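Going line by line, the protein sequences match chains A and B. In terms of my numbering, the first sequence has 783 at position 796, counting the first letter as 1, and numbering is strictly consecutive. Counting the second sequence from 1 gives a position; my numbering is that position plus 51. Take a look at the structure set out below.
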Amino acid sequence: MIAQEKYQEALEIITRTLPLPGVIGRICPHPCEEACRRKEVDEPISICSLKRFAADKFNINELPLPDITPRDEKVAIIGAGPAGLTAAYFLAKDGFPVTIFEALPVAGGMLRVGIPDYRLPPDVLEKEIKWVTRLGVEIKFNTALGRDITIDGLMDDGYKSVYLAIGCHADMKLNIPNEDAKGVIPGVKFLRDSALYDIKKLEGSVVIIGGGDVAIDAARSALRLGADKVSILYRRTQAEMPARNEEIEDALEEGVDIQFLMAPVEVVENEGRAVGLKCIKMELGDPDASGRRRPVPVKGSEFVVDTDIIIPAIGQRTDTSFLESATGVELDRWHNIQVDPLTFETTKKGIFAGGDAQTGPSIAIKAVAAGREAAVSISRYLNAEDLKEGREPLQLPQENFNPFSKDIEKVKRSRMPRISMEKRKKGFTEVERGLRENQAVIEAEKCLNCMVCCECFECVKVCKAEALTLKTHSQKDETVEVNVGSIILASGAKPYDPSKHDTFNYAKHPNVVTSMEFERILSASGPYGGHLVRPSDKKEPKKIAWLQCIGSRDVHLGANGYCSGVCCTYAIKEAMLAKEHSHGNLDAAIFYIDIRTYGKDFERYYIRAKDDLGVRFIKSRITNIVPVKETGMQLIRYVDETGKSVEEEFDMVVLSVGLTVSMEIAEKAGKWGIDLDHYNFARTSSFEPVKTSRPGIFVCGAFQAPKDIPSSVIDSSAAASAAGSILAGSRWSLTKTRDIPEEIDVRGEPPRIGVFVCRCGTNIAGIVNIDDVVEYSKNQPGVVHVEDNMFSCSQDTQDKITEVIKEHRLNRVVVAACTPKTHEPLFQETLINAGVNKYLFEMANIRNQCSWVHQDNPGKATEKSKDIVKMAIAKARLFEPLSESTMEINQSALVIGGGVAGMAAAQNMAEQGYKTFLIEKKDFLGGQARHLHETWRGEDIQKYLNMLIDAVRTDQNIKVFLNSQITQVDGFVGNFKTTIKSNEESRVLEHGVTIIASGASELKPDLYLYGQDSRVVTGLELQQRFVDNDQALARLKTAVFIQCVGSRIKERPYCSKVCCTQSIKSAVKLKEINPGMNVFILYRDLRPYGLREDLYREARSKGIVFIRYDSNKDLTADVEHDDLKVTFADRVLRRTMEIRPDLLILASAIVPETDDSLTRFYKIPRNADGFFEEAHVKLRPVDFATDGIFVCGLAHAPKPIDESIVQGKAAVSRAVTLLAGKTCQASGNVAKTNPLICSSCGVCVSVCPYSAPSFIPEDDRFFPGRAQINPVLCKGCGLCVASCRSGAINLKGFDNDQIFAQIFSLNEAG
Amino acid sequence: MSDWEPKIVSFLCNWCSYGAADLAGVSRMEYPPNIRVIRIPCTGRMSPKFILAVFMQGADGVWVSG
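So this is what it looks like as structure tokens:
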């Protein structure tokens, strides 16, 4: 808090446990600092000085008083020292009326009369005592126990409990002759008298006897009172002195003379007045019980010191003269009050004790702690609770600390400024002046946050939803045992920490950020509210550099050898967003090794960034950046494409950090019993990519391998499906059925509208005047109830709304909050729970389309909100309850395509117990995989494929149709009727869901002599030769691969994803067959993404030559004297090169099927490249927008075999969620014809994209020939409604009168 | 006329433009407050009568997006 300059909050936190922060912050010997872990870096944090700083900075008496519930039971406290005041403070907070009885005329105990003013000014103490008395604590002065009051007397006066905190105010005696002579003043008494101004001046010389704090305090006080010479005699050496070293040093500095190894023998007196002290020299003997060496007198060494005043300060004790007045209270063997060590209860019930009187003389903070514990005991005692339950002696937790970096910079502890020596000697002005503000902030910033949360409870204060309360904040982890049949690990990866590479200055310079931090900077909810500024000075950056592959593709210590797979695309996205944020003034440069935009549609994104938005892409791996002094700029040196050395300065540098598995997860994997690979990713095979080494445990997402969101989501569905196969038998066995209250029939009732206006924390209420909107809504016709909620979507508000609906018999509900797109279903559920039809609900979008976009204009935003709410109310007034039609779902599936994806899907579907039709247009199963030899990991694809074909063929649940073509498709989700022509025979398959796995194929290029020269083959054809074990390959001398043949070109602006890895794998295989062969791979960007980078590294180590060719220049293949000749432009050497291979392999593109019959039959879209387009790239990556149809494999996008298998399973998972429901509900927002008006024109029948309208058959009794609409097929788009020339169609929920009502309620259209 | 602001009523398709308007909010894109949105299930639902009604109500412009 101090680091954040929130001093009031800091003081509030301190006073939760310490009522006297300014006092303790001055005088405490701070044992707490010993425990501070900062000492492992440099020195402990000055906790004590910081407490004092907070107390000095904010007036404690301006803190708000806590809420106190008053109690009747009176408590008496004897002694207004630190223990008594603390106990009073906490008891008063608990509501008990507390009276403190103090023997002296002042409060504070030893704090006031023991500690001299130059260490603790009385006004500081008085201020904090006032803080205690503000809580209602009363202090009665000059009232001593034994002299003026007795314990029994207090009890008779109605006090229910007494706390004895009388301190140690009696001096120990020297026990030497003439001790009582005039001029001998015991130490404690001396300090007390000077504090109470009974001694105002000293003359002559002073000798003090003792080595403790009292001796030093007495010496320094004597000096200030005017003594000519002050000496301290101590019988041991400085090393044994109990006084604090700082104090001794201060005393010496001020001119106090300290004599060691001397002991008093006798006070020399003259006429009853001390004139000198007879002393004896000592020497150190054997150690005593305390471990210190015992001082032994040196015989015959006596001598006399002349002096005027002698102050013995050899110890103090509890004044036990009160005992007679406290029957039942006993002393321990040190003559202190005996108590229970845990509860501080004395031998007499209800009487407690603490502080010096109980411990013997000790430090103030111990007395404070004792006072607090006693308050707990007394409070429990008065509540008749167990005093001991759950209490343990305080132990400092020394585990689960937040780890800290070893590279933290060492910072010296700040020292407080002090007053001049001249002033020090002259009077009692406070010597230490406290930390300066900048010192305190620096000191506080050194905190390592050992426990992560410092329990400041600021979060509780700001949580308006009251989700975080003191109670929920204190929640602890609990162990819950669950019985499960399968486990899915989705523990993910974390961003790589770049701070270990000092060459990037990440930890030191605020303008060097990680990509994740940059995402936050761009975010509207981020640290700068979505304004792109650089952290050091909050100025808009003009140039930003992204450095790729930070911690990835790097085998140096601490980094990861793999490609993280996601960084290229996200860097491009960040650069584009940054450009958008800066309104086009930003120069964005991405420094890369290879741009790996291999995902679906990612290449187009890259091209757009480069060509349309002008993001600069610079091929150069940057290994260090240099901060430019004081400008906040960062200098990057690189060599550009022309070979020129360039130096460029950037305002900000974004480190594109990779993904890494956390050590915590890796360690847990050991406990889970699953194998990890050498990078700590869960080990899986290419054929079962979500299955770990332990049966029943599956994995998905970035814990399996580094991957992006679409792949992770596909993985997660696949893992669910894999778990589903082994648990299919127990489906629905542990489910609970929800009780739905019966729907109340509200037809014919006048509208009773309830309006709920959501504040959404400050999201809406921060801009829009909610009270205004509430008042306005109350006056709308039909409205019977209006209220505002902090968060309308929270569970408790939902419950409340349900109750309000019932209580006010609401029959229409309007929620003015966020968008119906996300929250309508939630509130409809609330209506259902209240027994109201869910179509009697309307949302007024006053957040997304109002408060969030008109932040600069709260007045207009409020007016607009009123309008929006008014429109919603006008519409809701006209709502009628609607019904939904239920339909049965046919419990079988159709899989189209007999490749690996289709077969994996069919197999998985059958495992889950559903009947599956698998149709294939060829006369064999296997698809493209029939040509593939090994996966990149070296697994045998043919072996797997044969196993899979066998499994599919023999499965009872799967019916395979080869040589089949689809000729017609009828029906819709749940009830498809697909007609196929199989071996000239037509048949109709009825199925509930459809999975499209229709595949893709390799482009047969018309380039580079392909088809003209037998030495030119495609990548897949080479694979086939491996499958066929072609011996001729061994005789090859030189092989050249050309990458991106037909991919990443203007006609086909996508990456075919598999070719780089496949070529590298083939190259390695060729090297294996003939290690002497020269193998070249000509590439543009090499894209062996993720863990495949290992294969790339292996290939390079085997001598395979990778050459980056310039795709803007000619690359040709010719035949010259029977030699094949490949000519190309090398981008690195900037020269035209020529290779004469005897095998030229074209890594040819994957191209989609050209036949578009599936598109037509199932009304499913394709993207610009011809691959099927999923409903949502990230959220629904295997679904189509059309219900009940799913996609997987190459038909979706180019991908390797493991990803096809995963996607096949994922499609099943999504399909099964539908099938398992057995029935589905169609929406109630559908069109309905009025056959009385219908003119049978047929426009609706022809315009409907869903074939919902039809003519009533001519032989029907009612309305033959008129139009009718099948509510199951209708999607409620309203196309027919708008096109009906007779006005015979109504769209429920969006009917003409409802929309007109909205229009006419517009306040003159805004 | 310099401070004159047209009153605009928009009909937005639930599936695309209405979602886009929501997204503009998520991204905190500021725009003038003199626009009112009517959500329709599809621009196919749009009827010329709605446009006439809006002008009758005093609007200066109608925006149909989908």
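Glycine included, every Cβ here is placed at the ideal spot set by N, Cα and C. Please read all numbers here as calculations on a predicted model, not as lab measurements.
Top-ranked residue by Cα proximity to residue i, from the options
i        : options                                     : result
A/LEU949 : A/GLU971, A/GLN943, A/PRO1187 and A/MET934  : A/GLU971
A/GLU256 : A/ASP293, A/GLU907, A/PHE578 and A/ALA1182  : A/ASP293
A/ILE297 : A/LYS160, A/PHE391, A/GLY1077 and A/ARG304  : A/LYS160
A/VAL201 : A/GLU829, A/PRO103, A/LYS463 and A/ALA710   : A/PRO103
A/ARG400 : A/HIS568, A/SER1034, A/GLY1229 and A/ASN425 : A/ASN425
A/LYS606 : A/ILE0, A/PRO614, A/THR629 and A/MET620     : A/THR629
A/TYR826 : A/ILE833, A/THR817, A/ASN832 and A/ASP664   : A/THR817
Continuous alpha helix (DSSP H) stretch holding residue i: start and end
i         : result
A/ILE1192 : 1188 to 1208
B/MET114  : Note on identity: in this sequence residue 114 of chain B is Trp, with Met being the wrong assignment. Careful: B/TRP114 lies outside any alpha helix (DSSP H), inside the beta strand (DSSP E) at 112 to 116.
A/TYR515  : Element bounds for A/TYR515: n/a, residue is neither H nor E.
A/ALA880  : Element bounds for A/ALA880: not the alpha helix (DSSP H) but the beta strand (DSSP E), 879 to 883.
A/MET934  : 928 to 941
A/GLU898  : 887 to 898
Residue i (DSSP reduced to helix, strand or coil)
i         : result
A/ASN776  : strand
A/ALA1307 : Nothing about residue 1307 of chain A can be reported from this structure: the residues present for chain A run from -12 to 1297 only.
A/LEU239  : helix
A/ILE0    : helix
A/GLY1157 : coil
A/PRO31   : coil
A/MET620  : coil
A/GLY272  : strand
A/LEU827  : coil
A/GLN1030 : strand
A/ASN1283 : helix
A/ALA1296 : Annotation note: pLDDT 46 at A/ALA1296 (below 50); position unreliable, coordinate value reported separately. Three-state DSSP puts A/ALA1296 in coil, outside helix and strand.
Run of the beta strand (DSSP E) containing residue i, from where it starts to where it stops
i         : result
A/TRP533  : 530 to 537
A/ASN257  : 249 to 257
A/ALA1218 : 1218 to 1220
B/CYS64   : 59 to 64
A/HIS978  : 972 to 978
A/ALA63   : 61 to 65
A/VAL602  : Careful: A/VAL602 lies outside any beta strand (DSSP E) and carries neither H nor E.
A/ILE833  : That residue, A/ILE833, is in no beta strand (DSSP E); it is neither H nor E in DSSP.
CB contact below 8 Å: residue i versus chain C
i        : result
B/SER116 : The chain inventory of the structure shown lacks chain C, comprising the protein chains A and B.
Cβ pair count under 8 Å reaching 3, the segment 140 to 154 of chain A against the segment 163 to 172 of chain A: no
Using a Cβ cut-off of 7 Å, which residues of the segment 826 to 842 of chain A contact any Cβ in chain B, in chain order? ARG834, ASN835, GLN836, TRP839, VAL840, HIS841 and GLN842
Can we say the segment 410 to 428 of chain A touches the segment 46 to 63 of chain A, given the rule of at least three CB pairs closer than 8 Å? no
Determine, using beta-carbon pairs with one atom in the segment 1067 to 1086 of chain A and one in the segment 1036 to 1054 of chain A, whether at least three such pairs fall under 8 Å. yes
Could you list the residues in the segment 88 to 106 of chain B with a C-beta less than 8 Å from some C-beta on chain A, going in chain order? VAL88, ILE89, ARG90, ILE91, PRO92, CYS93, GLY95, ARG96, MET97, SER98, LYS100, PHE101, ALA104 and VAL105
Inter-stretch contact at 8 Å, needing at least 3 Cβ pairs: the segment 543 to 563 of chain A / the segment 593 to 605 of chain A: yes
In the segment 1205 to 1228 of chain A, which residues sit with their C-beta less than 8 Å from some C-beta in chain B, listed in chain order? ASN1216
Beta carbons nearer than 9 Å to chain B: which residues of the segment 1261 to 1276 of chain A have them? LYS1262, GLY1263, CYS1264, GLY1265, LEU1266, CYS1267, VAL1268, ALA1269 and SER1270
Taking any Cβ of chain B, which residues in the segment 861 to 878 of chain A have a Cβ under 7 Å from it, in chain order? none
Quick one, which residues of the segment 71 to 85 of chain B are near chain A if we go by CB-CB under 7 Å, in chain order? ALA72, ASP73, ALA75, GLY76, VAL77, SER78, ARG79, MET80, GLU81, TYR82, PRO84 and ASN85
Does the segment 228 to 246 of chain A come close enough to the segment 198 to 212 of chain A that 3 or more CB-CB pairs lie under 8 Å? yes
Return the residues of the segment 799 to 821 of chain A that lie within a Cβ-Cβ distance of less than 9 Å from chain B, sorted by chain order. CYS805, THR806, PRO807, LYS808 and THR809
Residues of the segment 1123 to 1143 of chain A with Cβ closer than 9 Å to any Cβ of chain B, in chain order: none
Counting Cβ pairs, one atom from each stretch, are 3 or more of them under 8 Å apart for the segment 1110 to 1128 of chain A and the segment 951 to 965 of chain A? no
For the pair the segment 1008 to 1021 of chain A and the segment 1107 to 1116 of chain A, tell me if three or more CB-CB distances fall below 8 Å. no
Using a Cβ cut-off of 7 Å, which residues of the segment 1237 to 1259 of chain A contact any Cβ in chain B, in chain order? none
Between the segment 886 to 903 of chain A and the segment 930 to 943 of chain A, do at least 3 Cβ pairs fall closer than 8 Å? yes
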